[in-house]
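Residue numbers (our numbering), protein chains in the order written: chain Y, 1 to 355; chain C, 356 to 660.
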Amino acid sequence: MDVNVPDARLMPATLAPPAAFSGRGRRFAWTLLLLAVAFGAVPAAIVGTGSSYLAQIAITTMIFVILSASLNHVTGTAGLLSIGHAAFYGIGAYAAALLSTKLGLPFIVTLPAAGLIAALFGFLVALPTMRLVSIYFAVATLGIGEMIYVVLLNWVDVTRGPMGIRGIPPIELFGWQADTLLTRYLAVAVIAVACVWVLHRLTHSYYGNALRALREDDQCADSMGINVERLKIESFVVATFFAGIAGALLAHTSAYIAPDNFRFMESILILAMVVVGGLGSLPGAVVGALFMIVLPEALRDIGDYRMIAVGATMFLSILLLPKGMLAEGTALGFVRRSFSRGWATIAGGTPVGWK
Amino acid sequence: MVFDVFFLQQVINGLSIGCVYALMAIGFTLIFGVLNVVNFAHGEVYTIGAFVGLMVITAMAPPLLAVVPLVLAVGAVSGVGLERIAFRPFRRFTDEASQKSRAMREATLLSSLAVSIMTREIMMHIFGGDMQGIPSGYLLQQPVAIGPIMVASGSLVIFATSAVMLGALQFLLYRTQTGLGIRAVSNNQLGARYVGINTDRTIVTTFAVGSMLGATAGILVGLYDGAISPHMGFAPGVKAFVAMVMGGLSSIPGAVACALLLGVSESIATEFLSSGWKDLITYSLLVITLVFFPQGLFGHGRERA
């Protein structure tokens with residue numbers, strides 16, 4: 001806790017500092033800063049340098065922000081270690097690609113459809129696997145992820161196998177086409193911010209607290225009247241939905257997808273983002289995605305040693321910060337102070353929440 | 356009866372692949388037993404075994420039997436090094452909160468993964484990403500006739516080596532003081548420490564033993580297939596991991612049985628399906644096992660983790 005800004009919950013309502021100095025002012029400032037970076041500085045840099053390489057990195061980063069935030073929802077908050085997340089990303093990508101190239105559906109249909117199809121698969125996967133605990137669940141998701149990869153690779157009639165799908169149309173809304181780098185980035189960034197916002201509201205609500213209870217001790221949560229099975233399935237479905245959205249964005253921005261984009265190593269990369277950022281912390285997931293995408297690109301100058309350096313950095317960051325860059329405790333305090341009114345008290349002293 | 360002979364040959368090929376998976380799965384099982392953490396760098400130990408074997412063969416051209424002890428030694432050294440780099444640092448947190456913390460457990464898992472990425476990339480840097488051929492004098496591909504069945508000599512070598520190593524492992528675990536220590540730590544680490552077992556040393560020993568088995572599997576497959584590459588460790592690593600989980604995480608006979616089952620079902624599946632789909636069999640076996648036997652086929656009521 002910051003010493004200079006007293007925690008509003010600990011003081012009588014009359015002594016609480018004015019809003020401008022506590023939660024709301026800071027929340028406003030931080031949100032403004034983040035939005036300014038996402039929608040001001042990055043597009044300015046893309047336009048200023050005119051570099052397609054930079055724009056491509058920015059778009060990839062935004063897609064991975066969605067992926068790591070969604071994995072954080074199921075692995076960090078609900079405590080189900082999933083190592084097959086890339087497969088649902090792949091299902092979303094293939095769904096969007098097939099719907100738009102074979103049926104000619106517009107982006108506004110393929111985006112939610114990709115999310116829903118991935119969520120449907122997530123639901124089907126979750127139903128039988130949810131009674132597995134800890135490492136058994138992780139291995140089951142690994143197995144299912146690899147099964148989906150094998151199907152994408154070998155079902156040549158539909159997915160064109162290792163050749164991948166080409167010529168996926170770009171993002172397009174009511175005749176407006178995101179065909180320049182800048183508009184493509186902006187479209188992806190808007191969707192990414194919206195996804196993170198939804199996940200943020202979900203995690204930092206009463207519902208999110210139930211998920212945390214589930215993570216800490218599911219038997220105990222069960223005895224407190226929480227429907228454990230259903231919550232687990234719901235969190236998995238939500239995570240796979242957002243993974244599907246990310247897949248659709250990849251398909252529409254890169255115009256080409258192949259099964260190799262959705263292998264086990266990709267799942268591990270997403271998990272690494274979440275762990276390096278801090279399990280259970282949404283700001284951590286975002287920072288982790290930035291870190292793990294931007295770092296390899298920044299190291300491109302040292303060429304052959306790049307992946308060695310990535311491995312070493314990952315190892316060192318886990319070694320020195322085993323709870324992540326923005327550990328959940330820190331992140332929750334940060335969120336309480338800056339972003340959410342869920343923990344603030346109003347004049348009468350009754351907590352405002354989502355109960 | 357052409358089909359039957361062919362079928363039997365496929366079964367024998369499958370069993371020899373299964374033996375390789377079994378050697379790796381035992382390493383996984385031993386390490387998971389003592390530490391309760393999955394070691395994702397096990398596939399790299401297998402690759403190191405294969406490459407060191409190749410280096411020794413090209414440099415000195417020793418007799419085949421001399422390669423094996425050398426690979427064993429290299430496996431032991433890499434296991435000890437791996438433990439020191441990727442696992443030891445995370446055991447410095449001994450308070451209860453850290454030990455129960457999910458973040459800590461996942462951090463250990465990912466540190467082994469990070470080490471495996473580094474090792475693989477360094478090997479790529481040294482040896483290049485392409486397949487490397489084994490000198491033909493060392494290849495274990497001569498056909499041997501057993502009655503009507505033709506078997507590659509490599510299969511027989513793999514059977515013999517696995518049998519010897521499994522026997523040695525049983526001896527180590529059930530007839531020696533060290534094995535008693537490993538079993539004690541695997542059963543209850545804190546309890547083992549209370550009765551005076553040096554848990555750190557036991558864990559290091561376990562890593563050495565498990566990695567010896569993994570490295571041997573690597574060089575055997577290299578000699579059998581005739582080509583090795585820095586990426587060769589991934590597929591058998593995942594298969595061995597699957598075998599361990601199907602067997603019930605902490606049961607060595609279970610891991611061996613499931614590894615053999617996987618090997619045989621894969622090689623039979625290539626007969627009916629194209630080879631691209633054969634991995635589907637492995638993973639569906641895994642998922643079916645987990646759904647109907649959530650503790651694995653040979654697991655027995657392990658405490659909830």
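Glycine included, each C-beta is placed from N, C-alpha and C at the ideal position.
Note on geometry: alpha-carbon atoms of C:Leu524 and C:Val506 lie some 27 Å from one another. In summary, the residues of the stretch 618-630 of chain C whose CB is separated from some CB of chain Y by less than 8 Å are Ser629, in the order they occur in the chain. In the same chain as C:Val540, and ignoring 5 residues on each side of it, the C-beta atoms closer than 6 Å to its own belong to Val389, Ala547, Thr554 and Thr557, in chain order.
If you check each beta-carbon in the stretch 289-321 of chain Y against every beta-carbon of chain C, the ones closer than 8 Å belong to Asp304, Tyr305, Met307, Ile308, Val310, Gly311, Ala312, Met314, Phe315, Ile318 and Leu319.
Apart from the 5 residues on each side of it in sequence, Y:Ser134 has no Cβ closer than 6 Å to any other Cβ in its chain.
Beta-bridge annotation (DSSP): C:Trp632 is not paired with any residue. Assigned with DSSP and collapsed to three states, C:Gly609 falls in helix. If you keep only unbroken alpha helix (DSSP H) runs of at least 4 residues inside the stretch 112-153 of chain Y, you get nothing at all. The straight-line gap separating the alpha-carbon atoms of Y:Gly288 and Y:Ser235 is approximately 21 Å. Inclusion of C:Val400 and C:Ala570 in the CB contact set at 8 Å is warranted, their separation being smaller than that value.
Across the structure, C:Ile607 and C:Ile381 are spaced so that their CA atoms are roughly 6 Å apart. Listed along chain C are Glu461, each with a C-beta nearer than 7 Å to that of Y:Leu81. Among the residues facing chain C, Y:Leu279 is included, as its CB has a counterpart in that chain under 8 Å away.
Bounds of the beta strand (DSSP E) holding C:Ile504 are Ile504 to Ala507. For Y:Trp176, the beta-bridge partners assigned by DSSP are Y:Leu173. Y:Leu124 sits exposed, since fewer than 16 C-beta atoms from the chains shown fall within 10 Å of its C-beta. Pairing C:Ala431 with C:Ser566 gives a Cβ-Cβ distance under 8 Å. Rounded to whole angstroms, the Cβ separation of C:Leu385 and C:Val564 is 6 Å, and the two are in contact under 8 Å.
Between the stretch 137-157 of chain Y and the stretch 202-212 of chain Y there are fewer than three C-beta pairs closer than 8 Å, too few to call the two in contact. Taking each of Y:Ala189, Y:Arg131, Y:Gly79 and Y:Phe291 in turn and checking the Cα distance to Y:Leu279, the smallest one comes out for Y:Gly79. The three-state secondary structure of Y:Gln219, taken from DSSP, is helix.
Using a Cβ distance threshold of 8 Å, Y:His73 and Y:Leu199 count as a contacting pair.
Judged by DSSP secondary structure, C:Pro585 falls outside any beta strand (DSSP E); it is assigned neither H nor E. A straight line joining the alpha-carbon of Y:Ala248 with that of Y:Ala189 spans about 14 Å.
Linking C:Val423 to C:Ala469 through their CA atoms gives a straight-line distance of about 28 Å. Listed in chain order, the non-local C-beta contacts of C:Glu621 below 7 Å within the same chain comprise Gly369, Ile372, Lys633, Ile636 and Thr637, local neighbours out to five positions each way being set aside. Of all alpha-carbon atoms in C:Pro417, C:Asn391 and C:Leu465, the one lying nearest the alpha-carbon of Y:Ser317 is that of C:Leu465.
Under the Cβ criterion of 8 Å, Y:Pro283 is not counted among the residues facing chain C. For C:Ala500, the three-state secondary structure derived from DSSP is strand. CA-CA distance, Y:Thr49 to Y:Arg201, rounds to 36 Å.
Separation of Y:Tyr206 and C:Ser629 (C-alpha to C-alpha, rounded to the nearest whole angstrom) is 50 Å.
Counting C-beta pairs with one atom in each stretch, the stretch 307-325 of chain Y and the stretch 266-284 of chain Y have three or more that are closer than 8 Å, which means they touch. Ranking C:Thr463, C:Gly436 and C:Ser433 by CA distance to the CA of C:Arg447 puts C:Thr463 first. Residue state for C:Gly373 is assigned as helix, using DSSP reduced to three classes. Note that the stretch 30-49 of chain Y does not touch the stretch 99-116 of chain Y; fewer than 3 beta-carbon pairs, one per stretch, sit closer than 8 Å. Cβ proximity to chain Y below 7 Å picks out Ile472, Met473, Glu476, Ile477 and His480 from the stretch 472-485 of chain C.
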